[in-house]
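Notes to accompany the following structure.
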Amino acid sequence: MTDENANIDTIEEQTAQVPERDATAGNADRGRRPRRDTKAEAIKYRHQLRETEAERDRVSARFDAAAEQLYRQTVESMCSQQNYKLIHPEDFKMFTGKEAKDYMNDDGELDVREVQADFDRLAEQRPELFRKQIGTPKPDPSMGQGLDSYGSPTWADAFRS
Numbered sequence: 159m160t161d162e163n164a165n166i167d168t169i170e171e172q173t174a175q176v177p178e179r180d181a182t183a184g185n186a187d188r189g190r191r192p193r194r195d196t197k198a199e200a201i202k203y204r205h206q207l208r209e210t211e212a213e214r215d216r217v218s219a220r221f222d223a224a225a226e227q228l229y230r231q232t233v234e235s236m237c238s239q240q241n242y243k244l245i246h247p248e249d250f251k252m253f254t255g256k257e258a259k260d261y262m263n264d265d266g267e268l269d270v271r272e273v274q275a276d277f278d279r280l281a282e283q284r285p286e287l288f289r290k291q292i293g294t295p296k297p298d299p300s301m302g303q304g305l306d307s308y309g310s311p312t313w314a315d316a317f318r319s
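The opening position of the sequence shown corresponds to residue 159 in the working numbering, with each subsequent residue numbered one higher.
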């Protein structure tokens with residue numbers, strides 16, 4: 159139990175033992191709660207506020223981590239799908255000056271079009287950061303296998319040697 163919780167419990171116990179003042183007694187506190195109830199209630203609300211703030215910070219940190227991961231995966235995907243490849247994907251963040259949260263829209267989704275536009279703009283402005291993707295030739299399965307170019311070996315081919 160934390161010190162705040164202990165303080166709340168002891169204050170609540172003390173206020174439970176204090177008798178209610180008579181509203182007809184004519185004193186200055188007519189119709190008001192005792193000061194200790196107010197103090198205990200304030201402590202309770204401050205405690206709830208701190209718990210809520212801590213939860214908000216945890217959720218915000220999780221969201222930021224997920225957004226960063228999605229952003230990084232999107233940039234890496236763009237690097238592999240384009241006809242030009244960013245040599246170091248981390249350069250994208252450095253040269254655009256934007257973080258993952260800058261690409262998030264109001265719904266909490268990554269704006270891929272904006273990332274693509276910045277990717278294309280960076281390719282135009284800083285071509286030295288990119289390497290042209292050269293299409294690789296498709297391998298011919300019959301080459302290097304000693305087979306004829308018509309297909310796979312037959313049982314007759316296995317007994318020829």
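Here a beta-carbon is modelled for each residue, glycine too, at the ideal position from N, C-alpha and C. Source: prediction; values computed, not measured.
- Per the DSSP secondary-structure output, K290 pairs in a beta bridge with Y242.
- Of R220, A198 and R284, the smallest CA-CA separation from I245 is found for R284.
- Ranking D215, K290 and F250 by CA distance to the CA of Y242 puts K290 first.
- For T254, the closest alpha carbon among the candidates V233, E209, T312 and S218 is that of V233.
- Residue burial is scored here from C-beta neighbours: D276 has at least 16 other C-beta atoms within 10 angstroms and is therefore classed as buried.
- Note on geometry: alpha-carbon atoms of P311 and R318 lie some 11 Å from one another.
- Taking 8 Å as the cut-off, the beta carbon of D315 is found no closer than this to the beta carbon of L287.
- A straight line joining the alpha-carbon of R216 with that of K197 spans about 29 Å.
- In the DSSP assignment, D315 falls within the unbroken alpha helix (DSSP H) covering W313 to F317.
- Put simply, the backbone Cα of E272 is about 49 Å away from that of E199.
- The C-alpha of A225 lies about 13 Å from the C-alpha of K256.
- Nearest Cα to Y229 within the set L268, A281 and W313: L268.
- Across the structure, L280 and P297 are spaced so that their CA atoms are roughly 34 Å apart.
- Bridge pairing for M236: absent [DSSP].
- Rounded to whole angstroms, the gap between the alpha carbons of E209 and D195 is 21 Å.
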